[in-house]
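Report on the following structure.
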Amino acid sequence: MAESSESLSLASSPARRRRANDPLTSSPGRSSRRTDALTSSPGRDLPPFEDESEGLLGTEGPMEEEEDGEELIGDGMERDYRAIPELDAYETEGLALDDEDVEELTASQREAAERVMRQRDREAGRGLGRMRRGLLYDSDEEDDERPARKRRQVERATEEGEEDEEMIESIENLEDLKGHSVREWVSMAGPRLEIHHRFKNFLRTHVDGHGHNVFKERISDMCKENKESLVVNYEDLAAREHVLAYFLPEAPAELLQIFDEAALEVVLAMYPKYDRIASHIHVRISHLPLVEELRSLRQLHLNQLIRTSGVVTSCTGVLPQLSMVKYNCNKCSFVLGPFCQSQNQEVKPGSCPECQSAGPFEVNMEQTIYQNYQRIRIQESPGKVAAGRLPRSKDAILLADLVDSCKPGDEIELTGIYHNNYDGSLNTAHGFPVFATVILANHVAKKDNKVAVGELTDEDVKMITSLSKDQQIGEKVFASIAPSIYGHEDIKRGLALALFGGEPKNPGGKHKVRGDINVLLCGDPGTAKSQFLKYIEKVSSRAIFTTGQGASAVGLTAYVQRHPVSREWTLEAGALVLADRGVCLIDEFDKMNDQDRTSIHEAMEQQSISISKAGIVTSLQARCTVIAAANPIGGRYDPSLTFSENVDLTEPIISRFDVLCVVRDTVDPVQVQPRLPRDRATA
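Residue 114 in UniProt numbering sits at position 114 of the sequence shown, and the numbers go up by one each step.
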């Protein structure tokens with residue numbers, strides 16, 4: 001047994017392979033017979049390997065014909081295992097010793113190494129996808145009629161020029177799904193590689209109407225600001241690569257992953273060391289043509305790219321989320337992973353491959369990769385809710401550099417993937433298996449005045465320009481405010497000025513002066529005060545209507561509450577915050593509690609709301625016009641008293657209103673008498 005084990009160890013040594021050329025230990029034809037036994041099998045031929053391809057690529061010297069040799073298993077096989085010290089020695093020169101431990105590569109180091117290997121393969125002409133197998137290996141069915149054409153194809157495929165990058169493993173018809181769904185088709189290696197290089201070529205060669213390279217400038221600006229988001233206009237993508245634009249809404253998760261990889265390569269080609277700042281580049285899709293309302297999202301939108309709009313009502317803090325997680329085995333200290341963490345559930349290993357134990361495992365905090373995570377809730381804009389309907393809301397998840405891109409009160413346009421995830425509390429409440437839905441955000445854009453101007457048509461611009469040249473434009477605007485209400489020209493003038501507002505000023509950066517105009521209407525009952533407010537609500541692009549009796553301090557400003565699922569403290573926006581850049585209308589202002597009225601002092605003058613509750617210290621913007629209506633003390637306005645004596649309001653709150661309007665129900669025979677016959681005739 002000792003001799004046999006020694007023979008086996010010698011046979012597996014490198015010296016065993018060097019003896020094939022020794023005249024004492026080998027017979028004629030033995031090596032050729034051995035090679036023939038390894039490279040062929042009965043009934044089929046194995047594909048050629050590197051030794052054959054090297055011959056096709058220009059290795060000098062004709063190939064020798066194989067000769068028949070003697071059998072390896074025979075009477076003289078024991079001679080191969082004789083001890084020959086000068087031939088049995090190992091060559092240690094140039095070999096890496098395995099005695100020392102080698103540290104495991106991190107994810108970024110592994111990506112860098114793979115990138116270097118792909119670059120080396122392209123230079124050697126053997127990269128994956130760089131040339132087809134027919135360019136390197138001769139097929140039996142193909143005649144050698146055009147060797148010059150094949151040589152030109154090989155040279156073209158091995159060129160390093162950037163203009164030929166999209167020729168890698170090109171597919172003739174990418175639109176032909178071959179019976180697969182879009183998600184299955186883009187997950188295959190061939191279409192995936194073709195999409196990768198088409199998008200990469202799009203980033204490199206797309207120019208605007210003036211001939212400027214669009215993405216070269218965007219990438220330069222992105223790297224200057226140390227960001228990792230590259231915005232791509234969907235309309236530009238559809239005009240250049242309509243197939244990718246067709247695939248994107250149907251399989252957004254797969255396409256965006258390919259786009260991110262291609263964008264990272266383009267960025268690293270321009271800035272090779274940018275991976276030290278950002279290990280990933282995220283492609284953000286903007287200007288998706290179809291805009292879906294929150295209440296119109298249905299089952300057919302699941303796992304598709306959608307675009308919607310709304311007002312941010314709440315947001316959580318920025319939390320670290322596991323992206324690539326590694327675990328430590330507590331029994332043998334073996335490091336398991338990395339595991340790609342999903343959005344829906346936690347990924348845990350079943351057993352340790354080192355000691356075969358089922359745990360316990362703990363997260364390796366040092367080698368685990370995290371990413372920023374924030375959850376927000378958006379609600380339908382107040383002006384878009386149909387009459388008699390409650391506004392719908394939906395949760396959205398912001399990852400990476402999208403966190404803190406919006407705050408409660410902002411009106412945003414959100415582009416993302418409409419996902420479903422399992423919610424245990426939701427199943428308990430409904431008693432049968434249902435899924436909660438969430439939007440995984442890809443692009444967030446705030447709506448402002450620039451967006452509103454951009455939506456104007458050419459006819460609108462011409463009409464606005466012509467109206468601006470009218471000398472009586474001011475009187476026409478005043479007369480168009482609540483035309484169904486007779487008289488009250490001064491009130492209509494004040495409301496029109498409040499809608500247009502002023503210009504905020506900050507001279508020298510020392511003292512900020514607000515530009516919004518606050519209006520208070522006070523007068524007798526039945527004088528159309530509430531009708532004025534309702535008209536302003538319908539005219540204004542962004543208006544929040546509330547009443548003093550049904551509003552509280554936190555309902556007007558902001559409040560903190562626990563999230564029902566995550567049990568975290570979240571910030572909820574009130575009426576003044578939701579009306580940012582708009583109008584907040586408060587009816588029955590005198591019916592409010594004094595403590596509740598005190599809470600809006602800061603919002604009316606400083607146009608901000610400061611919160612310091614439950615560990616959340618922040619300031620929210622409330623840049624809105626406040627138009628309120630109140631009734632006088634005793635039911636009717638007494639002209640013999642001052643304004644502050646007629647209204648049950650304190651002096652600090654009255655001083656924050658810029659325009660005070662008194663509406664009196666007086667009988668004037670001069671105005672009433674001429675209208676009586678006209679009203680009777682109309683009746």
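Ideal Cβ positions, reconstructed from N, Cα and C, are used throughout, including at glycine. For clarity, every value in this text was computed on a predicted model and none was experimentally measured.
Item	Value
Other residues of its chain near residue 63: CB distance less than 6 angstroms, five sequence neighbours each side excluded	Caution applies to residue 63, whose pLDDT of 48 falls short of 50 and renders its modelled position unreliable; the value that the coordinates give is listed next. Correct list: empty, nothing qualifies.
Cβ-based burial, residue 374 [other Cβ within 10 Å; buried from 16]	buried
C-alpha gap between residue 340 and residue 190, whole angstroms	24 angstroms
CB-CB length for residue 616 against residue 571, believed under 8 angstroms	6 angstroms
For residue 375, the residue or residues it bridges with in DSSP	397
C-alpha gap between residue 436 and residue 421, whole angstroms	5 angstroms
Residue 327: first and last residue of the uninterrupted alpha helix (DSSP H) it sits in	No alpha helix (DSSP H) holds residue 327; the beta strand (DSSP E) holding it covers 319–329.
Beta-ladder partner(s) of residue 348, from DSSP	For residue 348, which the question treats as bridged, DSSP gives no partner whatsoever.
Test item: CB-CB of residue 264 and residue 281 under 7 angstroms	yes
Contacts around residue 553, its chain only, beta-carbon distance under 7 angstroms, and the 5 residues preceding and following it disregarded	595, 596, 599
Alpha carbon of residue 581 to alpha carbon of residue 200, nearest angstrom	40 angstroms
Own chain, CB closer than 8 angstroms to residue 530, minus 5 neighbours either side, in chain order	587, 629
Cutoff 7 angstroms: residue 200 Cβ touching any chain B Cβ	In the displayed structure, chain B is absent; only one protein chain is listed.
Local Cβ density within 10 Å of residue 332, reported as buried at 16 or more and exposed below that	exposed
Contact check, residue 247 vs residue 256, beta carbons under 7 angstroms	no
Range covered by the beta strand (DSSP E) that runs through residue 298	Residue 298 -> no beta strand (DSSP E), and no H or E assigned at all.
Which of helix, strand or coil DSSP assigns to residue 353	coil
Uninterrupted alpha helix (DSSP H) stretches inside the segment 549–610 (no shorter than 4 residues)	553–556, 575–578, 594–598, 601–605
Residue environment, residue 518, which counts as buried when at least 16 other CB atoms sit within 10 Å	buried
Reference residue 493, options 474, 505, 511, closest by Cα	474
For residue 621, three-class secondary structure by DSSP	strand
Extent of the continuous alpha helix (DSSP H) run through residue 223	214–224
Residue range of the beta strand (DSSP E) that includes residue 466	Where residue 466 is concerned, there is no enclosing beta strand (DSSP E), although the alpha helix (DSSP H) it sits in stretches over 458–468.
Residue of 215, 584, 385 minimising C-alpha distance to residue 551	584
Own chain partners of residue 347 with C-beta closer than 8 angstroms, once the 5 adjacent residues on each side are dropped	325, 339, 340, 341
Sequence-distant residues of the same chain with beta carbon closer than 7 angstroms to residue 608, five excluded per side	602, 619, 620, 621, 622
Alpha carbon of residue 297 to alpha carbon of residue 636, nearest angstrom	50 angstroms
Residue 441, enclosing beta strand (DSSP E) - first and last residue	435–446
Check whether residue 312 and residue 410 have beta carbons under 7 angstroms apart	yes
Whole-angstrom distance between residue 82 and residue 4, CA atom to CA atom	Below a pLDDT of 50, predicted positions are generally treated as unreliable, and residue 4, at 44, falls in that range; the measurement from the model is reported next regardless. Taking the straight line joining both Cα atoms gives about 12 angstroms.
Sequence-distant residues of its chain with Cβ nearer than 8 angstroms to residue 526 (five each side left out)	665
Host alpha helix (DSSP H) of residue 497 (start-end)	489–500
Residues near residue 391 in its chain [Cβ-Cβ closer than 6 angstroms; skip 5 each side]	379, 380, 385
Local conformation of residue 284 per DSSP, three classes	strand
Spatial distance of residue 558 from residue 486 (CA atoms)	38 angstroms
Beta strand (DSSP E) segment containing residue 267, residue limits	Per DSSP, residue 267 belongs to no beta strand (DSSP E); it is in the alpha helix (DSSP H), 252–270.
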